[in-house]
Amino acid sequence: DTAVSQTPKYLVTQMGNDKSIKCEQNLGHDTMYWYKQDSKKFLKIMFSYNNKELIINETVPNRFSPKSPDKAHLNLHINSLELGDSAVYFCASSQGGRGWGNTIYFGEGSWLTVV
Amino acid sequence: TQLLEQSPQFLSIQEGENLTVYCNSSSVFSSLQWYRQEPGEGPVLLVTVVTGGEVKKLKRLTFQFGDARKDSSLHITAAQPGDTGLYLCAGGVGIQGAQKLVFGQGTRLTINP
Numbered sequence: 001d002t003a004v005s006q007t008p009k010y011l012v013t014q015m016g017n018d019k020s021i022k023c024e025q026n027l028g029h030d031t032m033y034w035y036k037q038d039s040k041k042f043l044k045i046m047f048s049y050n051n052k053e054l055i056i057n058e059t060v061p062n063r064f065s066p067k068s069p070d071k072a073h074l075n076l077h078i079n080s081l082e083l084g085d086s087a088v089y090f091c092a093s094s095q096g097g098r099g100w101g102n103t104i105y106f107g108e109g110s111w112l113t114v115v
Numbered sequence: 001t002q003l004l005e006q007s008p009q010f011l012s013i014q015e016g017e018n019l020t021v022y023c024n025s026s027s028v029f030s031s032l033q034w035y036r037q038e039p040g041e042g043p044v045l046l047v048t049v050v051t052g053g054e055v056k057k058l059k060r061l062t063f064q065f066g067d068a069r070k071d072s073s074l075h076i077t078a079a080q081p082g083d084t085g086l087y088l089c090a091g092g093v094g095i096q097g098a099q100k101l102v103f104g105q106g107t108r109l110t111i112n113p
C-alpha cells in the first residue's frame with residue numbers, strides 16, 4: 001500500500017475552473033503538508049496541518065484552501081485557477097511531537113496544468 | 001526569509017569520479033535533510049543531520065552538517081550511473097508539531113558511463 005497517496009496524478013483544466021486534489025496517508029501520522037514544485041523543480045511549502053489544525057500557512061493566494069476532515073486526510077481546493085497555478089503539488093506527512101528531525105514522507109505528486 | 005543556496009544546479013561527470021554538492025544559508029536550521037527525487041515521483045529522504053559538525057555516511061555518499069548548522073555538503077565517491085537524479089537539500093524548522101522544510105534549488109546530477 002502506498003504510504004501517502006494523492007489523486008488525481010494528472011489534471012488538465014481551463015483557466016477559471018475550480019479543482020480539488022485529495023491526499024490520504026496510512027502511516028498513522030498526525031501532521032500533513034502541501035508543497036508546490038514549480039517548473040524549475042523548486043519546492044516550497046504551502047500549508048501544514050497537525051491533528052486537523054492549520055499550523056503553517058505560507059504566503060499563498062486565498063484561492064487555495066486546504067481542508068483536513070481527519071488527521072489521515074488533507075485535501076487542497078483551488079478556486080478560479082490561473083495559468084501560474086500550473087505546477088506539481090506534493091502532499092506529505094510526518095509524525096508530530098517535537099517537529100524537527102522527523103522524517104517527512106512525500107506522495108508521488110499531482111501534475112496540474114492550467115490551459 | 002530563510003533561503004538555501006544549492007550548488008551546482010547542474011553537474012555532469014564521468015562514472016568513477018568524485019563530486020560534492022553544497023548547500024548554504026545565512027539562517028540556522030534545526031536539521032538539514034537531503035532528498036533524492038526521481039522523475040514522476042516525490043522526494044525520498046536520504047539522510048537527516050541535526051548536530052553541528054555531524055557527518056553521516058550512506059555507502060558512497062557522505063553528508064556533513066556545518067558547525068554553525070547553516071550549511072551542508074553531499075559528497076559522492078566513485079559516482080555510478082545509478083546515482084543520476086535530482087538531489088535536494090532542505091533545512092528544517094520545527095513549528096508546533098510540524099516541520100517546515102526550506103528547500104534549495106536542487107542539483108541535477110548526471111553520471112555518464
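Residue numbers (our numbering), protein chains in the order written: chain A, 1 to 115; chain B, 1 to 113. From the three backbone atoms N, C-alpha and C, an ideal C-beta is built for every residue, glycine too. Fair warning: this is a prediction, and the values are worked out from it, not measured in the lab.
Nearest-angstrom Cα separation, counted from residue j out to residue i
i: B/Thr20; j: B/Asp71; result: 13 Å
i: B/Glu41; j: B/Ala68; result: 32 Å
i: A/Thr95; j: B/Gln99; result: Looking at the sequence itself, residue 95 of chain A is Gln, so the reference to Thr does not match. Approximately 9 Å, taken between the alpha carbons.
i: A/Thr2; j: A/Lys52; result: 21 Å
i: A/Glu58; j: A/Tyr33; result: 11 Å
i: B/Ala78; j: B/Lys57; result: 14 Å
i: A/Leu74; j: A/Cys91; result: 8 Å
i: B/Asn18; j: B/His75; result: 7 Å
i: A/Val4; j: B/Val49; result: 24 Å
i: A/Trp111; j: A/Leu83; result: 13 Å
i: A/Asn79; j: A/Ile56; result: 20 Å
i: B/Gly66; j: A/Lys41; result: 25 Å
i: B/Leu11; j: B/Gly82; result: 14 Å
i: A/Val12; j: A/Thr103; result: 31 Å
i: B/Gly52; j: B/Leu61; result: 18 Å
i: B/Asn112; j: B/Gln80; result: 8 Å
i: A/Ala72; j: B/Gly97; result: 15 Å
Chain B contact residues for residue i, given Cβ-Cβ distances below 7 Å
i: A/Lys41; result: Leu86, Gly106
i: A/Ser94; result: Gln99
i: A/Thr31; result: Gly97, Ala98
Where the beta strand (DSSP E) containing residue i begins and where it ends
i: A/Thr31; result: 31-37
i: A/Met46; result: 43-50
i: B/Pro81; result: That residue, B/Pro81, is in no beta strand (DSSP E); it is neither H nor E in DSSP.
i: B/Ser27; result: Where B/Ser27 is concerned, there is no enclosing beta strand (DSSP E), given that its DSSP letter is neither H nor E.
i: A/Ser5; result: 4-7
i: B/Pro113; result: First-last for B/Pro113: undefined, no H or E at that position.
i: A/Arg63; result: Where A/Arg63 is concerned, there is no enclosing beta strand (DSSP E), given that its DSSP letter is neither H nor E.
i: A/Ile104; result: Premise fails: A/Ile104 is in no beta strand (DSSP E) and is neither H nor E.
i: B/Asp71; result: 71-76
Contact set between residue i and chain A, taken where Cβ atoms lie within less than 8 Å
i: B/Pro43; result: Leu43, Phe90, Phe106
i: B/Ile95; result: Ser48, Ile55, Ile56, Gly99
i: B/Leu109; result: Per Cβ cutoff of 8 Å: no residues; B/Leu109 is ~13 Å from chain A at best.
Residues that residue i contacts on chain B, provided the C-beta gap is smaller than 8 Å
i: A/Thr109; result: As written in the sequence, residue 109 of chain A is Gly, which differs from the Thr given in the question. Under the 8 Å cutoff, chain B gives Gly40, Glu41, Gly42.
i: A/Pro103; result: It is worth fixing the name first, because residue 103 of chain A is Thr in this sequence and not Pro. What A/Thr103 touches in chain B: Leu45, Thr48.
Contact list for residue i against chain A, beta-carbon separation under 9 Å
i: B/Phe118; result: Not covered by the structure: residue 118 of chain B. The range shown for chain B is 1 to 113.
i: B/Phe10; result: In chain order: nothing, as chain A lies at least about 11 Å away.
Worksheet item: Pairing CB atoms from the segment 16-33 of chain B with CB atoms from the segment 91-99 of chain B, are three or more of them under 8 Å?
Response: yes
Discussion item. Using 8 Å as the cut-off, can you tell me whether the segment 76-91 of chain B makes contact with the segment 31-46 of chain B, which would need three or more C-beta pairs spanning the two stretches below that distance?
Written reply: yes
Item to complete: Check whether the segment 4-12 of chain B touches the segment 2-22 of chain A, taking contact to mean three or more Cβ pairs, one atom from each stretch, closer than 8 Å.
Response: no
Discussion item. Tell me whether the segment 60-69 of chain A and the segment 34-49 of chain A touch, counting them as touching only if at least three CB pairs, one residue from each stretch, are closer than 8 Å.
Written reply: yes
Worksheet entry | Contact the segment 47-57 of chain B vs the segment 101-111 of chain B: 3+ CB pairs below 8 Å | no
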